[in-house]
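Colleague: Residue numbers (this note's numbering), protein chains in the order written: chain F, 16 to 240; chain S, 120 to 335.
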């Protein structure tokens, strides 16, 4: 471990690393930008789909099969062929990252809502709730821990994979990795990697916080029991 | 898309597919060999689970490219082993939790019955608990296998072999049909392996079918 630190320290402490376009601050913020954008688009697509299939029980098999199929897509191959088709830009890596993030979000939302206690749903209907109210006031809060878990998995996968944006000429922490690779500058490569892992840790912490904020107290107590 | 690249390179495609199969499936086997004892330990001594799970998850957060480069530069050189070890480490974040969940959901009465008829701890684990955990463990193996096949193509762009080399070559020489063939073969491979695993699970858990048959 100390060997690794000695190896990395000159890179980390060089002033060139901390300013300008190729500096750590800029690359980290680019990386966060890709991650947040991809996660937002994936949520917009997968959350409603998971809520609908979970609530109605219809199309669940189709959703799960599609999500499994998406998991098999090879990220780099997909990225290369989209770039060959539509040129370099933000959209190709975004498509790839969204495709990666949809399966965990969709499957966890679907499973979470579907597996809400049937007696709880009956009780909600019994007190006169409409289907929409059952979904938003009962099923969604009860499924929240599982939904957040899916979102966290998706976010961590995006953070680790957003490095491929650099493979097709974009920025982000992948720049350190790919440039380091082509210049045989393995300090830069290790530095970029360390920051990507740190970002994944930050994501984990953010989701622990979200869990505290979004999971209702009743559901948390039930989980502990 | 121009297709004339394909007919002359069927041999290359077959070689790349065979290589890919090796570099993606061996990690799952290795991962399972590591995950089974880790999962058993985590269930037996509960306090070990958070650190084991934490480390497995942290490994998963490392960009795969970086691990492939690290292995091929400093540890195992430019060979398929440099792809297999990182991919095996990546499977742990899926396999360990599934082994744990599978073992945890064995009903207590079943465990007690096994003890009552004289099974020791080891025999109970091998003949009762693990077989009951098979469906959950296989579910984890399926996810790990598909992920490993898909992620294995990243190893190809590092020159470690497999279908990813088609992506690298297709990008550098601008041959979309080569990239496309690589994508289709990756998905096909994932699909075939998934079907085989479902069949394996059925063969390993004959009782689940017998029960369905009895109910019908």
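The beta carbon of each residue, even a glycine, is placed where N, CA and C say it ideally should be. Everything numeric in this text was worked out from a predicted model, so none of it was measured.
Could you please tell me which residues of the segment 70 to 101 of chain F, in chain order, have their CB closer than 9 Å to any CB of chain S?
Modeller: 83, 84, 86, 87, 88, 89, 90, 91, 92, 93, 94, 95, 96, 98, 99 and 100
Colleague: I'd like the list of long-range same chain contacts for residue 21(F), defined as Cβ closer than 7 Å, with 5 residues on each side in sequence excluded.
Modeller: Within the same chain, residue 21(F) has no close Cβ partners at all.
Colleague: Run through the segment 288 to 325 of chain S for me and flag every whole alpha helix (DSSP H) of 4 or more residues, listed as ranges in chain order.
Modeller: 295 to 323
Colleague: Closer than 7 Å by beta-carbon distance: list the chain S residues that pair up with residue 201(F), in chain order.
Modeller: 192
Colleague: My understanding is that residue 75(F) touches residue 129(F), with C-beta atoms under 8 Å, so please give their C-beta distance in whole angstroms.
Modeller: Residue 75(F) to residue 129(F), Cβ: 7 Å. Contact.
Colleague: Looking only at its chain, what residues have a beta carbon closer than 8 Å to the beta carbon of residue 328(S), apart from the 5 residues adjacent to it on each side?
Modeller: 321
Colleague: If distances are taken between C-alpha atoms only, which option among 183(F), 158(F), 205(F) and 134(F) comes closest to residue 102(F)?
Modeller: Among 183(F), 158(F), 205(F) and 134(F), the Cα nearest to that of residue 102(F) is on 183(F).
Colleague: Determine the direct distance from the alpha carbon of residue 194(F) to that of residue 205(F), and round the result to whole angstroms.
Modeller: Cα to Cα, residue 205(F) sits roughly 11 Å from residue 194(F).
Colleague: Would DSSP call residue 186(F) helix, strand or coil?
Modeller: coil
Colleague: Does the CB of residue 171(F) have a neighbour CB from chain S at under 8 Å?
Modeller: yes
Colleague: I'd like to know if residue 240(F) contacts chain S, where contact means its C-beta is closer than 8 Å to some C-beta of that chain.
Modeller: For residue 240(F), the pLDDT reaches just 48, beneath the cut-off of 50, and the residue's location in the model is therefore unreliable, although a value from the coordinates is still provided. So no, residue 240(F) is outside the interface.
Colleague: So what does DSSP say about residue 225(S), is it helix, strand or coil?
Modeller: Collapsing the DSSP output to three states places residue 225(S) in coil.
Colleague: CB residue 114(F) to CB residue 175(F), shorter than 8 Å?
Modeller: Cβ atoms of residue 114(F) and residue 175(F): not closer than 8 Å.
Colleague: If we ignore side chains and look at the alpha-carbon of each, how far apart do residue 105(F) and residue 271(S) end up?
Modeller: 24 Å
Colleague: Within the same chain, show all residues whose beta-carbon is closer than 8 Å to that of residue 23(F), passing over the 5 residues directly before and after it, in chain order.
Modeller: 202, 205, 206 and 209
Colleague: Do residue 42(F) and residue 188(F) have their CB atoms nearer than 8 Å?
Modeller: yes
Colleague: Would the beta-carbon of residue 150(F) fall within 8 Å of that of residue 46(F)?
Modeller: no
Colleague: Listing by chain order, which chain F residues have their CB less than 9 Å from the CB of residue 182(S)?
Modeller: 174, 175, 176, 177, 178, 179, 188, 189, 192, 207, 208, 211 and 212
Colleague: Just to confirm, are residue 119(F) and residue 50(F) a CB contact at a threshold of 8 Å?
Modeller: The Cβ-Cβ distance between residue 119(F) and residue 50(F) does not fall below 8 Å.
Colleague: Alpha helix (DSSP H) containing residue 170(S): first to last residue?
Modeller: It spans 168 to 179 - the alpha helix (DSSP H) in which residue 170(S) sits, taken as one unbroken run.
Colleague: Taking contact to mean at least 3 C-beta pairs separated by less than 8 Å, is the segment 156 to 168 of chain F in contact with the segment 158 to 172 of chain S?
Modeller: no
Colleague: According to a CB-to-CB cut-off of less than 9 Å, which residues of the segment 198 to 210 of chain S neighbour chain F?
Modeller: none
Colleague: Taking all protein chains shown into account, do 16 or more other C-beta atoms lie within 10 angstroms of the C-beta of residue 26(F), making it buried, or fewer, making it exposed?
Modeller: buried
Colleague: Report the neighbours of residue 293(F) on chain S: residues whose CB is nearer than 7 Å to its CB, in chain order.
Modeller: Since the first residue shown for chain F is 16 and the last is 240, residue 293(F) is missing from the structure and cannot be characterised.
Colleague: Once you ignore the five residues that flank residue 301(S) on each side, which residues in its own chain have a CB closer than 6 Å to its CB?
Modeller: 282, 285 and 286
Colleague: Is any beta-carbon of chain F found at less than 8 Å from that of residue 335(S)?
Modeller: Low local confidence applies: a pLDDT of 41 at residue 335(S) is under 50, so the model's placement there is unreliable, and no value is given.
Colleague: So, is the C-beta of residue 298(S) closer than 8 Å to a C-beta in chain F?
Modeller: yes
Colleague: If the cut is a Cβ gap below 8 Å, which residues of chain S does residue 116(F) touch?
Modeller: Per Cβ cutoff of 8 Å: no residues; residue 116(F) is ~14 Å from chain S at best.
Colleague: In chain F, what lies closer than 8 Å to residue 293(S) by C-beta?
Modeller: Identification of chain F residues near residue 293(S) by a Cβ-Cβ cut-off of 8 Å yields 99, ordered along the chain.
Colleague: How far does the alpha helix (DSSP H) with residue 46(F) in it reach, from first residue to last?
Modeller: 39 to 71
Colleague: Going by CA-CA distance only, name the one from 130(S), 192(S), 296(S) and 198(S) that's closest to residue 197(F).
Modeller: 192(S)
Colleague: So, are the CB atoms of residue 160(F) and residue 230(F) less than 8 Å apart?
Modeller: yes
Colleague: Count the other CB atoms, across all protein chains shown, that sit within 10 Å of the CB of residue 167(S); report buried if there are 16 or more and exposed otherwise.
Modeller: exposed
Colleague: Residues of chain S with CB under 7 Å from residue 204(F), in chain order?
Modeller: 185 and 188
Colleague: Once you ignore the five residues that flank residue 335(S) on each side, which residues in its own chain have a CB closer than 8 Å to its CB?
Modeller: Note that residue 335(S) scores a pLDDT of 41, beneath 50, so its modelled location is shaky; the value from the coordinates is reported in the next line. Once the five neighbours on either side are set aside, residue 335(S) has no close Cβ partner at all.
Colleague: Please name the residue, chosen from 198(S), 254(S) and 247(S), that lies closest to residue 220(S) on a Cα-to-Cα basis.
Modeller: 254(S)
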